[in-house]
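Just so we're on the same page, the working numbering is the position in the sequence shown counted from 1, plus 27.
Ideal Cβ positions, reconstructed from N, Cα and C, are used throughout, including at glycine.
These figures come from a predicted structure and were not determined experimentally.
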Amino acid sequence: MKPSLLPHAFTPFAPTKVYAARRATLAAQLGPKGIAVLPTAPEQQRNRDADFLYRFDSYFQYLSGFTEPKAWLVITGTGKTILFCQPKDTEREIWDGYRLGPDAAPSALGVDEAYSVTEMDARMAQLLDGCDAVWYPFATHKGLDARITAWLQPLRDRVRYGALCPAAQRDVCVPLDEMRLIKDAYEQDTMRRAGAISAGAHIRAMQLSARMLREGKAVREYHLDAELLHEFRLHGSQCPAYGSIVAAGANACVLHYRADAGAVRNGELVLIDAGCELDGYASDITRTFPANGVFSGPQRSLYELVLDSQKAAIAATRAGARFTDPHDATVKVLAQGMLDLGLLDKNKVGNLHDVIEKRAYFQFYMHRTGHWLGMDVHDCGAYTEPSEIGKASTRLDALTGEKIVSRPARVLRSGMVLTIEPGIYVRPAPGVPEQFHHIGIRIEDDAIVTDTGCELISRGVPVEMDAIEALMRA
Ligand code: GLY
Ligand code: MN
Ligand code: MN
Numbered sequence: 028m029k030p031s032l033l034p035h036a037f038t039p040f041a042p043t044k045v046y047a048a049r050r051a052t053l054a055a056q057l058g059p060k061g062i063a064v065l066p067t068a069p070e071q072q073r074n075r076d077a078d079f080l081y082r083f084d085s086y087f088q089y090l091s092g093f094t095e096p097k098a099w100l101v102i103t104g105t106g107k108t109i110l111f112c113q114p115k116d117t118e119r120e121i122w123d124g125y126r127l128g129p130d131a132a133p134s135a136l137g138v139d140e141a142y143s144v145t146e147m148d149a150r151m152a153q154l155l156d157g158c159d160a161v162w163y164p165f166a167t168h169k170g171l172d173a174r175i176t177a178w179l180q181p182l183r184d185r186v187r188y189g190a191l192c193p194a195a196q197r198d199v200c201v202p203l204d205e206m207r208l209i210k211d212a213y214e215q216d217t218m219r220r221a222g223a224i225s226a227g228a229h230i231r232a233m234q235l236s237a238r239m240l241r242e243g244k245a246v247r248e249y250h251l252d253a254e255l256l257h258e259f260r261l262h263g264s265q266c267p268a269y270g271s272i273v274a275a276g277a278n279a280c281v282l283h284y285r286a287d288a289g290a291v292r293n294g295e296l297v298l299i300d301a302g303c304e305l306d307g308y309a310s311d312i313t314r315t316f317p318a319n320g321v322f323s324g325p326q327r328s329l330y331e332l333v334l335d336s337q338k339a340a341i342a343a344t345r346a347g348a349r350f351t352d353p354h355d356a357t358v359k360v361l362a363q364g365m366l367d368l369g370l371l372d373k374n375k376v377g378n379l380h381d382v383i384e385k386r387a388y389f390q391f392y393m394h395r396t397g398h399w400l401g402m403d404v405h406d407c408g409a410y411t412e413p414s415e416i417g418k419a420s421t422r423l424d425a426l427t428g429e430k431i432v433s434r435p436a437r438v439l440r441s442g443m444v445l446t447i448e449p450g451i452y453v454r455p456a457p458g459v460p461e462q463f464h465h466i467g468i469r470i471e472d473d474a475i476v477t478d479t480g481c482e483l484i485s486r487g488v489p490v491e492m493d494a495i496e497a498l499m500r501a
């Protein structure tokens, strides 16, 4: 190992006892002779000599608090934690930045032992000897199965000399997904702060749009994207949690449109779906606003419908409800509104029941109303209720004819975090009133489930039309 004269400069996001408690919870599920092995994410090259911004693996970070690449965590069923990390190396640290190093890791991270990652292969064979099950994340890290097999091989070769090779391989994501689904106090606090930063960024983008148009300037989508990024970084966010969507006018009807160079025009709406990542946690907010700060009549009609549908979804979000309840509540309101506004012709599609049954609303609302939110923007966690996994039913999809297997949806519990994001996207089609053509609206908030309802942590940016117009006048 090359020596290093450089000090380490690393502090985890949360107190080390937070990670230690999570490791203890996991260890208790591994069995006394179980062992878990988790790598962090690999670095990804962008092009010659330049990497993508490094992002650690969420499971690894959740259990360790460590943000460096080329690191592994090993947790035994008896509760011992071993970290493998990059060794100190003055020359590499001058180029790439400080490394914590194995000597400083136990006190900085609260792990029991730490070694250089270069010793990993040799030490893993010893660590696995005598274990009955090896747990690792299935189907998430390319080549990991082969690496584990390579560690097990020498053990198999030595069984006749008394070595004990684990007989079972288990997916460590199963217990970890359940743990990550319920956010602890530290996570909820971080997510509230991420939501507040992102809300401020949305306000800033709205205000810039109105101000530039008032001043007669040409506004482009990237001007608004720049405001988002500025506000995220100004408040300590490390990066956007996903590629920001800044979609002016008809671009809003492209669900995964990326912030680009489209013109932001007077009289059109802008849809922004953007949220920052803060200390490993995502926020995910969508607002739709008039570029110049004043909603037109048809825009108002559609916006009010989406907002009403979001209110219905929020009212359906509480501990004890099913994950699908907010979606079903949204669809009911949107479908009725589509009939009332003439987007759907009742002579052709029938009544509300028919529209829902035949999924006719899909023409204008084709996504789900939410997803789990956490370290990953589409966070881990089962969407079906684990205690009712055997209760499967099949049905034929009304639109595609495909056979769909449904299982009872997850029962919401306090501390789960999900988005509530209804929308409406009107592409021109025969019979669709022209005044609504090319309007795309989504309203997305982040909710922590509570016993009596939910706490919206993204409402630092308003959703009511009058409030949006007022802040855009400011
Ligand atoms: N921004 C991604 C989503 O809303 O799901
Ligand atoms: Mn979302
Ligand atoms: Mn979103």
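If you compare alpha carbons, which of T103, R82 and A41 is closest to R50? T103
How would you call I312, buried or exposed, if buried means at least 16 neighbouring beta carbons within 10 angstroms? buried
For S143 and G128, I'd like the C-alpha separation in whole angstroms. 7 angstroms
How should V297 be labelled, buried or exposed, when 16 other C-beta atoms within 10 angstroms of its C-beta is the threshold for buried? buried
Would you tell me roughly how many angstroms separate the C-alpha atoms of V444 and S236, rounded to the nearest one? 31 angstroms
Tell me whether W122 is buried or exposed, calling it buried when 16 or more other Cβ atoms sit within 10 Å of its Cβ. exposed
Taking the straight line between their C-alpha atoms, what separation do you get for E140 and G401? 29 angstroms
Please confirm if the segment 173-181 is in contact with the segment 204-217, defined as three or more CB-CB distances below 8 angstroms between the two stretches. no
Any heavy atom of ligand 2 closer than 7 angstroms to the CB of H229? no
Whose C-beta lies closer than 7 angstroms to the C-beta of G92 among residues of the same chain, with five residues either side of it excluded? P39, F40, A41, T43, Y46 and L136
N374 versus P353 - alpha carbon distance: 28 angstroms
Return helix, strand or coil for L298, following the three-state DSSP convention. strand
Excluding the 5 residues preceding and the 5 following Y284 in the sequence, name in chain order all residues of the same chain whose CB lies nearer than 7 angstroms to its CB. I272, A274 and N278
Given this structure, state the Cα-to-Cα distance separating D172 from D198, to the nearest angstrom. 11 angstroms
Do R437 and Y410 have their C-beta atoms closer together than 8 angstroms? yes
Measuring straight from C-alpha to C-alpha, what distance separates Q56 and L65? 15 angstroms
Alpha carbon to alpha carbon, what distance is there between G222 and R486? 8 angstroms
Count the CB pairs spanning the segment 339-358 and the segment 260-267 that are closer than 8 angstroms, and state whether there are at least three. no
Pull every residue with its beta-carbon under 6 angstroms away from any heavy atom of ligand 2, and keep them in chain order. D311, H398, T446, E448 and E471
What does a CB cutoff of less than 7 angstroms around R183 pick up in its chain, not counting 5 residues either side in sequence? C192
Compute every distance between the C-beta of T477 and the non-hydrogen atoms of ligand 3, then say whether any falls below 7 angstroms. no
With distance defined between alpha-carbon atoms, name the residue in C112, N319 and P413 nearest to R536. Because the chain is modelled from 28 through 501, residue 536 falls outside the range shown and cannot be assessed.
Residue range of the alpha helix (DSSP H) that W99 falls in? W99 -> not in any alpha helix (DSSP H); beta strand (DSSP E) instead, spanning W99 to T103.
Let me check you understand the geometry: is the CB of D473 closer than 7 angstroms to at least one non-hydrogen atom of ligand 3? no
Which residue or residues does DSSP assign as beta-bridge partners of F316? V297
Cβ-heavy atom distance, T313 to ligand 3, below 7 angstroms: yes
Out of E118, D159 and T108, which one is the CA nearest neighbour of S134? T108
Range covered by the alpha helix (DSSP H) that runs through T217: A212 to R241
Just to check, is the beta-carbon of Y284 closer than 7 angstroms to a non-hydrogen atom of ligand 1? no
Looking only at its chain, what residues have a beta carbon closer than 7 angstroms to the beta carbon of N293, apart from the 5 residues adjacent to it on each side? L240, A318 and N319
Is the distance from the Cβ of F316 to the Cβ of M233 below 8 angstroms? yes
With a threshold of 16 other CB atoms inside 10 Å of the CB of M393, please say whether the residue is buried or exposed. exposed
Quick one: what does DSSP say R197 is sitting in, helix, strand or coil? strand
So, helix, strand or coil for V459, using DSSP? coil
Which two residues bound the contiguous alpha helix (DSSP H) that contains S134? G128 to L136
I need the straight-line Cα distance from D148 to F259, nearest angstrom please. 40 angstroms
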